[in-house]
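Protein chains in written order, with this note's numbering: chain X, 9 to 590; chain S, 9 to 590.
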């Protein structure tokens, strides 16, 4: 062992001990007659002192050449520090070094290894192994491990069994694009990497495994948006002999447990909301309910005058911004510009200032009188001093726009406190959603989701109205989990495939094994999957997942550190029976 | 919830309770006036009774139509059984059913869902979801989960951090064949699936992560021998600031912990043996030391007579088979046939019977006298009543042949007790091994393994004699783990690549990121990886891993249940910029 203690361990009670430490040189201060070195390892920082009076001369001389990030092993005595540092746990002591070895030298790192580094994203990714030495990244990875352990121990105690499902599976055109793997032994054929272990976990239920989970990598070959990764980690769960209520209860338990254990937050209220209600109230199926600003639908109180913009709109809807009446004209113009950005896409915004004296001043005073505006204030819940922002247009679009504005304003008003946690179940999702591109219905969740029995009759007449036994777990405006009760009989599954545009032959070729399995005694079952990268980030109080992943890929799906993907040689291609077609 | 209790839960203390159970019909016995059904779930079997006297008539009628593996939900009362079954925990009670639902019907399963099934391997794999309902498979998967949890909790307590490393990495021609993944976004380029997280765990050490582990899937595109899988699971570990001794101590601790917790076995002695000693004593680098039959090298006592076969041999070596003197001529001839099988490849076998009266009878009495044979007996440790089996030839071949014979005889003699556990460290492996096919040296472990400093001078003169800081953990004749202290400086790594036949350009192209990393302050480090599938199987007392894997592939790398790999459509190929080349 290269050390007797870690660099985070020694305290005043260790004074006079002879110890050996190993670690990295964080920084040196050379006063000529005295040199201090901050030695760092995973566990902390300990100050070393080289002192002309008390340290052998040649050791002091050697110490003068230490550079940042040199790896050294030192032996010495724990002594009391003259000027104590209250900010670090080892701040009462320092090590009077008697000898040391340089275990490895280091080039000057391309960015500073400090909590606040001078390195940009690109260079940090290229030298990720140096980035990981920084506390924010190192602590994020250790935090991730803690969360994973807590999840595993909780679910194991609840009798869940972690079962490893295969990574080399079969490609299915449904859903996102698969990554595929050419098979050398089966010429011309390909495996696919799983987008999720969905069918395997269902087969485990058919196999009687009853309560399954797995923390598992999944793969999607999508064009990457910011903060998406081609490989990501899921907490994948499934249970048999359960109804929706059972699943919600179990995973409410897991969520409470994690928030209690990790954040010491007790969740008093774990509300549920239908998809329809979430869309109506927040314009969004993953509302952040840590703050109000609920939607007020204004059609009945805004379409009775000569204002054509509103009269032509499918939906007129507003929110009350707390304290917004004090915004200047310029600030409001900026808000209007914000909603008109292409990313939001509103054509304009009507506003009403709710003055402290009870009067209203709006951008549409030409059309609406004080009584109208008072009705708007009532519908949006605006008080004196608030600003009402009103958007109008096609129902789905205007909801999305106002939801974006609501989130933006909450951010600006500091209402999205990362240390406050408000989970929410959104239930009764639609079974199908219309896809403009392909002009047909797609499964909103996936094709194995069961429709609500009372809605099955609508499958032919009003497919978009059929509700599914599907639910999302939302935390602070992020979808952290989603799942459903599954279909467990062959007939319903065939009906579903039919409505999704599969021919019976296609359904059999791709999912025949699952439909066969349903004929051999499949129990009722359902499950949920959590996006683990996101869950960890949110629990860690962050919005971006990248620092919670040891070796993330960039937006082109590249690992810039190892420089992958890369070319492979002809020999390899030939063995795989493929050639490039560029 | 479809049940108030599981089928393994109810006891005599529950009598008179109203309960609901769900599960599968294991079997039915219909006596006309009374029907018994064994209801099974993951937790056990509970007997149901339908009784004309006490059960509604229509319920009894419906029960008559229950087939094997139907999924049902029953409600009834716990009553005392008339004829108790001491063999199952629920054997004192049965359920007097008042009503039940058929949750799903089942076709007759293609094999019996019993501990001893009538289904062959192929059909069980095709219907793996039915196979998993059988106790031997179900229990193996649950056992695997328990072992994984114990590993994780032990290592976490020892301050190891589980870090997820990427699955989409870069192909390297060193080692086994990679599975590759064409990148759509990076035209003409490929990811590779990891054969192990080797370089990433080393980079984590450079990153200061200090103690890393991961239970992780790895991939090798090899021609599959029996009991090998293209995807397999590893417990992958790495530590910084350690020497070989530290690693052995830590993972000795893990092994002791697992054997104690899982098998209630205390390991008194955890021996270590050099590779050279293992080869000399057992002809094998993973000796099963649960039994003796150590090799006796006979050159000095067998090459002084006119027996040309021995005189021409590089090595003459024998083992003493306990009690083997009583084998008949026919039995011995069969043994000789066994060693001459192509899989073993010996040309013949000399034997010596050590008679109870102290005399010897051998197949080479023409050449050797009683004194010679007495010396052989002494060298092989043979006692009166034993049989000495002697092989001769080229040293490596003859050791492998005698090792195979030793294992076979131990199996026949019942010396390989699956409930006895004898771990062993084999240390000081050679750094390089000669490859006949490519006519050059390969890394025996991998190119990142450090040579013993005192042997580096031999790299040019006698590369085959250079020993590495490499070690294997052997359990009952199986290699369950292997690792090494790594190279951690750029110069030694470059030297190693050079000796492995890499040009500096090739080394840079493939492992430049690692050699760069070594320049920024890499600490001394080393690690180990355990084959988790094999470890679990051995702890479970089995020799084959297949039942410890939920969805294994067959020897052609196929998943016969989902029928993968499979063809993919032209559209997909085109997007990936590849075409088939059959």
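By construction, the Cβ of each residue, glycine as well, lies at the ideal position given by its N, Cα and C atoms.
{"Asked": "Where residue 173 of chain S falls: helix, strand or coil (DSSP)", "Found": "coil"}
{"Asked": "Residue environment, residue 360 of chain X, which counts as buried when at least 16 other CB atoms sit within 10 Å", "Found": "buried"}
{"Asked": "Beta-carbon gap between residue 116 of chain X and residue 75 of chain X smaller than 8 Å", "Found": "yes"}
{"Asked": "Per-residue DSSP class, three states only, for residue 109 of chain S", "Found": "strand"}
{"Asked": "Below-8 Å beta-carbon distance, residue 365 of chain X vs any chain S residue", "Found": "no"}
{"Asked": "Environment of residue 468 of chain S [buried if 16+ CB atoms lie within 10 Å]", "Found": "exposed"}
{"Asked": "CA-to-CA distance, residue 415 of chain X to residue 428 of chain X, given in whole angstroms", "Found": "16 Å"}
{"Asked": "Contacts around residue 16 of chain X, its chain only, beta-carbon distance under 6 Å, and the 5 residues preceding and following it disregarded", "Found": "51, 52"}
{"Asked": "For residue 5 of chain X: DSSP bridge partner residues", "Found": "There is simply no residue 5 of chain X to check, as chain X begins at 9 and stops at 590 in what is shown."}
{"Asked": "DSSP state of residue 590 of chain X mapped onto helix, strand, coil", "Found": "coil"}
{"Asked": "Proximal residues of chain S, C-beta to C-beta of residue 265 of chain X below 9 Å", "Found": "Chain S residues near residue 265 of chain X: none, gap ~17 Å exceeds 9 Å."}
{"Asked": "Enclosing beta strand (DSSP E) for residue 54 of chain X [first to last residue]", "Found": "52–59"}
{"Asked": "Three-way DSSP call (helix, strand, coil) for residue 591 of chain S in this model", "Found": "With chain S represented from 9 up to 590, any question about residue 591 of chain S goes unanswered, as that position is not in the structure."}
{"Asked": "Those residues which DSSP pairs with residue 486 of chain X across a bridge", "Found": "X:483"}
{"Asked": "Straight-line Cα distance separating residue 438 of chain X from residue 462 of chain X", "Found": "13 Å"}
{"Asked": "Any chain X beta carbon closer than 8 Å to residue 497 of chain S", "Found": "yes"}
{"Asked": "Which residues DSSP lists as bridging residue 86 of chain S, in chain order", "Found": "S:103"}
{"Asked": "Residue span of the alpha helix (DSSP H) that contains residue 260 of chain S, given as start and end", "Found": "252–271"}
{"Asked": "Segment limits, beta strand (DSSP E) that includes residue 400 of chain X", "Found": "395–401"}
{"Asked": "Sufficient close CB pairs (3 or more, under 8 Å) joining the region 491–508 of chain X to the region 278–293 of chain X", "Found": "no"}
{"Asked": "Residue ranges of each alpha helix (DSSP H) within the region 440–528 of chain X, 4 or longer", "Found": "466–469, 498–507, 512–526"}
{"Asked": "Cross-strand partners of residue 26 of chain S (DSSP beta bridge)", "Found": "S:85"}
{"Asked": "Residues, ordered as in the chain, of the region 94–118 of chain S that lie near chain X by beta-carbon distance below 7 Å", "Found": "111, 112, 114, 115, 117"}
{"Asked": "Unbroken stretches of the beta strand (DSSP E), 3 residues or longer, contained in the region 309–358 of chain X", "Found": "323–329"}
{"Asked": "Residue-chain proximity (residue 165 of chain S, chain X), Cβ-Cβ < 8 Å", "Found": "no"}
{"Asked": "Alpha helix (DSSP H) runs wholly inside the region 526–580 of chain X, at least 4 long, in chain order", "Found": "540–547"}
{"Asked": "Own chain, CB closer than 7 Å to residue 485 of chain X, minus 5 neighbours either side, in chain order", "Found": "294, 295, 296, 415"}
{"Asked": "Through-space distance from residue 219 of chain S to residue 242 of chain X, alpha-carbon basis", "Found": "24 Å"}
{"Asked": "Cut-off 8 Å between Cβ atoms - residues of its own chain near residue 140 of chain S, not counting five sequence neighbours on either side", "Found": "146, 149, 558"}
{"Asked": "Residue 207 of chain X, enclosing alpha helix (DSSP H) - first and last residue", "Found": "206–214"}
{"Asked": "Three-state secondary structure (DSSP) of residue 376 of chain S", "Found": "coil"}
{"Asked": "Which listed residue (S:184, S:43, S:280, S:262) has its alpha carbon closest to that of residue 231 of chain S", "Found": "S:184"}
{"Asked": "Where residue 218 of chain S meets chain X, residues with beta-carbon distance less than 9 Å", "Found": "14, 49, 50, 51"}
{"Asked": "Rounded separation between residue 212 of chain S and residue 227 of chain X - CA only", "Found": "23 Å"}
{"Asked": "Residue 244 of chain S - containing beta strand (DSSP E), residue span", "Found": "239–248"}
{"Asked": "Interfacial residues, the region 205–216 of chain S to chain X, with Cβ spacing under 8 Å", "Found": "207, 208, 211, 212, 214, 215, 216"}
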